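Asker: Before I ask anything, let me first share the structure, which is written out below as structure tokens.
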Amino acid sequence: MSDQTADSSVALFERHRAELKASKRTMNLIMLAAFLVCLALSVWISQFYPERLASGIPRIFEYFGTIIPDLRWDTLLDGRTEEGRAVPGSITYWYTDFWVYLELIWETILMAITATLLGTAVAFLLSFPAAANLAPNSWIYWVSRRFLEICRGIPEILLALVFVFMIGIGPLAGVIAIAIHSAGALGKLFAEVNENASSRPVEGITAVGGTWVQKMLYGVVPQVTPNFVSYALLRFEVNVRASSIIGFVGAGGIGQELNRVISFYSDDRVLAVLILVVLTVTIIDLLSERLRLGYIGRENFA
Amino acid sequence: MLKLDNLTRRFGDTAAVDRVNLEIAEGQMVGIIGRSGAGKSTLLRLLNRLTDPSEGQILFGNRDIAQLKGRDLRQWRSDCAMIFQQFNLVGRLDVLTNVLTGRLFDLPAWRALAQIYTPAERAFAVQALDRLTMAHTALQRAETLSGGQQQRVAIARALAQEPKILLADEPIASLDPLNAKIVMDALRTINQQDGITVICNLHTLDTARDYCDRIIGMQAGRVVFDGTPAQLTQGMAREIYGAEADQAFNEAATSTSLASGPRARAKEAV
Chain A
1 MSDQTADSSV ALFERHRAEL KASKRTMNLI MLAAFLVCLA LSVWISQFYP ERLASGIPRI
61 FEYFGTIIPD LRWDTLLDGR TEEGRAVPGS ITYWYTDFWV YLELIWETIL MAITATLLGT
121 AVAFLLSFPA AANLAPNSWI YWVSRRFLEI CRGIPEILLA LVFVFMIGIG PLAGVIAIAI
181 HSAGALGKLF AEVNENASSR PVEGITAVGG TWVQKMLYGV VPQVTPNFVS YALLRFEVNV
241 RASSIIGFVG AGGIGQELNR VISFYSDDRV LAVLILVVLT VTIIDLLSER LRLGYIGREN
301 FA
Chain B
1 MLKLDNLTRR FGDTAAVDRV NLEIAEGQMV GIIGRSGAGK STLLRLLNRL TDPSEGQILF
61 GNRDIAQLKG RDLRQWRSDC AMIFQQFNLV GRLDVLTNVL TGRLFDLPAW RALAQIYTPA
121 ERAFAVQALD RLTMAHTALQ RAETLSGGQQ QRVAIARALA QEPKILLADE PIASLDPLNA
181 KIVMDALRTI NQQDGITVIC NLHTLDTARD YCDRIIGMQA GRVVFDGTPA QLTQGMAREI
241 YGAEADQAFN EAATSTSLAS GPRARAKEAV
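Top to bottom, those sequences are chains A and B.
Going by the UniProt record's numbering, 122 is the number at position 122 of the first sequence; the sequence numbering is gapless.
Going by the UniProt record's numbering, 169 is the number at position 169 of the second sequence; the sequence numbering is gapless.
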């Protein structure tokens, strides 16, 4: 008797398992078909055809040919002559404007730091009303959520263009543009961290008679600070990249110089600037990652 | 005197607390017993308005607590401290700051924001901790403490509020027997030395019998027993606990049942 029921329950399980597998297989096939349709559409719209790619690739190398510096072994490390002229074929000749580049890269990094600090401050303040579990009422929640969406919805370069027209050419326009975008992007991340915070400490502060601000400051902030710091540092890395291209529209930083050398000269100066930009971004990324991991590690073992 | 008049709280169609009428005199230690879901927690949370009542009044003096809003409500909460089953401390803040949050209501807003406390306030908090023999942990993070230690810090935070009433929602349900005894002894001492009214939800009968002046039994949101521990007969208790009776009575099975409360010790002394 018990053997029979055991057998039939196994048979029932096998039947359910087969049905589940079949329905999953159908679903997978439908998804695959949908994916292929999307892929075909995007190839067609963007005209990403093999023959176009094939005809384009040689031109890529052509361009590289024009920006490769003409370096010669015999004069490679030569300094300036007595009249103050750099010798053609030397690194000094290639990087004639080195100090100009360096100053602009320094400006780029400062822009990124300022924009990240400003953006983080705004994101911090708005992340509490924009968290579904913490907002004092649904109206404030809705407004702060939408505000953050608008901030991160507009591309930085577009914002920078607008601010260049409003307040003039220079790094201030870039800083404001990047800060606004950072506030929007970080605000959403911060709000999501807040939504995952434990409600128990918050309830504890409610029960001692704390105001809403006190509940956030004492109940939530200590829980979320490590995550906030980590996200802000990550954003700093992104912002160094952003501020190195934002100069294309006149909003300060090394991008301004990159734009100038590309449009006016299109020679080895382009590569000179590009190498510096890539080096800067890489170094900042490495440093920031070390800082971030170091901080997280310290927090976990404290 | 705390007076509940027809106090009701509904969640959807079910009344978690159903037309409760009670009078609790100042300085009493009251134990509320009942099975899980009987409405004990909701009743306690109604008293400090962590949950809002659907109907009825909570009178303290001649003020209706059920109608308080804004600053008046926060003042009431600071007068009516609460300790929780899961302690509800801020784990990443140090123990002293956790206790100091008990003073938040009396702090000027800018000092609360800047987290600046006077030496007198710190001394007060350390003394509160010292009463619970926890002063040595003052600079540690709260999350590094054991459950029993955290609950003692939570009691110190409540003491820092200088409350008139102390609510305790299943304060020993997450603790081992030894820590449960320390916590219950502390609550009883505070009740007797400071004259603070203590209202305590307890899951086990023995603890309520050992520590409380008065026991209130709840079942399906209603008060079904209200009397001294002596008046609570086995039959009555069985009715309150229903299917959970055996578990609630069986001392071996419930980690929080205490072998030697003050009453038991009193018997030994005789």
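For every residue, glycine included, the Cβ atom is placed at its ideal position computed from N, Cα and C.
All figures in this text were calculated on a predicted structure; none of them were measured in a lab.
So, for GLN150 (chain B): in the same chain, excluding its five sequence neighbours on each side, which residues have a beta-carbon less than 7 Å away from its beta-carbon?
Answerer: PHE87, LEU89, ALA142
Asker: How would you list, in chain order, the residues of chain B whose beta-carbon sits under 8 Å from the beta-carbon of ILE205 (chain A)?
Answerer: Within chain B, the residues placing a beta-carbon under 8 Å from that of ILE205 (chain A) are VAL90, THR101, LEU104, ordered along the chain.
Asker: Who are the Cβ neighbours of SER41 (chain B) in its own chain at under 8 Å, not counting the five residues just before and after it?
Answerer: ASP169, GLU170, ASN201
Asker: Identify the contact partners of SER78 (chain B) in chain A, using a Cβ-Cβ distance below 8 Å as the criterion.
Answerer: VAL208, GLY209
Asker: Got a sec? Which residues, its chain only, sit under 8 Å from GLY210 (chain A) by beta carbon, not counting five neighbours each side?
Answerer: TYR218, GLY219
Asker: Using only CA atoms, which one of B:LEU4, B:ARG157, B:TRP110 lies nearest to ARG122 (chain B)?
Answerer: B:ARG157
Asker: With H, G and I counted as helix, E and B as strand and the rest as coil, what does DSSP make of ALA264 (chain B)?
Answerer: In this prediction, ALA264 (chain B) scores a pLDDT of 47, lower than 50, which makes its location untrustworthy; the coordinate-derived value is nonetheless stated afterwards. Here ALA264 (chain B) sits in helix by DSSP.
Asker: So residue 327 (chain B) packs on ALA207 (chain A), CB below 8 Å; how close in whole Å?
Answerer: The first residue shown for chain B is 1 and the last is 270, placing residue 327 (chain B) beyond what the model contains.
Asker: According to DSSP, is ILE216 (chain B) part of a helix, a strand, or is it coil?
Answerer: strand
Asker: Measuring CB to CB, does ASP226 (chain B) end up less than 7 Å from ILE216 (chain B)?
Answerer: yes
Asker: Quick one: grab the DSSP three-state call for GLY31 (chain B).
Answerer: strand
Asker: Which residue from B:GLN75, B:HIS203, B:LYS181, B:LEU46 puts its Cα closest to that of GLU162 (chain B)?
Answerer: B:GLN75
Asker: Check this for me: beta carbons of TYR295 (chain A) and VAL229 (chain A), under 7 Å apart or not?
Answerer: For the 7 Å CB-CB criterion, TYR295 (chain A) and VAL229 (chain A) form a contact.
Asker: With a CB to CB cut of under 7 Å and the five nearest residues on each side skipped, what residues in its chain are close to ALA302 (chain A)?
Answerer: Only weak support exists for where ALA302 (chain A) lies, its pLDDT of 49 falling under 50; the coordinates are left without a value.
Asker: Within 10 angstroms of its Cβ, does TRP94 (chain A) collect 16 or more other Cβ (buried), or is it exposed?
Answerer: buried
Asker: I want to see whether chain A comes within less than 7 Å of GLN150 (chain B), judged by CB atoms only; does it?
Answerer: no
Asker: Could you check whether the Cβ of ARG241 (chain A) sits closer than 7 Å to any Cβ belonging to chain B?
Answerer: no
Asker: Quick one, which of B:ASN179, B:LEU7, B:ILE172 has its alpha-carbon nearest THR133 (chain B)'s?
Answerer: B:ASN179
Asker: Looking at C-alpha atoms only, which residue of B:VAL17, B:LEU93, B:ARG214 is the closest neighbour of ASP52 (chain B)?
Answerer: Taking only the C-alpha atoms, the option nearest ASP52 (chain B) is B:VAL17.
Asker: Assign ARG152 (chain A) to one of two classes, buried (16 or more other C-beta atoms within 10 Å of its C-beta) or exposed (fewer than that).
Answerer: buried
Asker: Among the candidates A:LEU148, A:VAL100, A:LEU158, A:ARG241, whose CA atom is the shortest distance from the CA of ALA173 (chain A)?
Answerer: A:LEU158
Asker: Please list, in chain order, the chain E residues whose beta carbon lies closer than 8 Å to that of GLN86 (chain B).
Answerer: Absent from the structure is chain E; the protein chains it does hold are A and B.
Asker: Counting only Cβ pairs nearer than 7 Å, list the residues of chain B close to GLN214 (chain A).
Answerer: What GLN214 (chain A) touches in chain B: LEU104, ALA112.
Asker: If distances are taken between C-alpha atoms only, which option among A:ALA251, A:LEU234, A:ILE246 comes closest to ARG290 (chain A)?
Answerer: Restricting attention to A:ALA251, A:LEU234, A:ILE246, the CA atom closest to the CA of ARG290 (chain A) is found in A:LEU234.
Asker: Ends of the beta strand (DSSP E) at THR14 (chain B)?
Answerer: 14-24
Asker: Out of A:ALA191, A:GLU192, A:LYS215, state which residue places its alpha-carbon closest to the alpha-carbon of VAL202 (chain A).
Answerer: A:LYS215
Asker: Under the three-state reduction of DSSP, which class applies to residue 335 (chain A): helix, strand or coil?
Answerer: Because chain A in this structure spans residues 1 to 302, residue 335 (chain A) falls outside the shown range and cannot be described.
Asker: DSSP state of GLY221 (chain B), grouped into three classes?
Answerer: coil
Asker: Could you work out which residue in B:LEU22, B:LEU145, B:VAL198 is closest to GLY31 (chain B) when comparing CA atoms only?
Answerer: B:VAL198
Asker: Along chain A, in chain order, which residues have C-beta atoms closer than 9 Å to that of MET1 (chain B)?
Answerer: Those do not exist, as MET1 (chain B) stays about 21 Å from chain A at its closest Cβ, beyond 9 Å.
Asker: Would ILE178 (chain A) and ALA115 (chain A) be called neighbours here (beta carbons separated by less than 7 Å)?
Answerer: With respect to ALA115 (chain A), ILE178 (chain A) sits close: the two C-beta atoms are nearer than 7 Å.
Asker: Express the C-alpha separation of ASN239 (chain A) and SER127 (chain A) in angstroms, rounding to a whole number.
Answerer: Rounded to whole angstroms, SER127 (chain A) and ASN239 (chain A) show a C-alpha spacing of 20 Å.
Asker: Since residue 304 (chain A) sits in a beta bridge, which residues does DSSP pair it with?
Answerer: Any answer about residue 304 (chain A) is impossible in this case: the structure gives chain A only from 1 up to 302.
Asker: With a cut-off of 7 Å, does the C-beta of GLN140 (chain B) fall near any C-beta of chain A?
Answerer: no
Asker: Strictly by DSSP, which residues pair up with THR8 (chain B)?
Answerer: B:GLU55
Asker: So which of B:ALA138, B:ILE116, B:ILE58 has the shortest CA-CA distance to LEU46 (chain B)?
Answerer: B:ILE58
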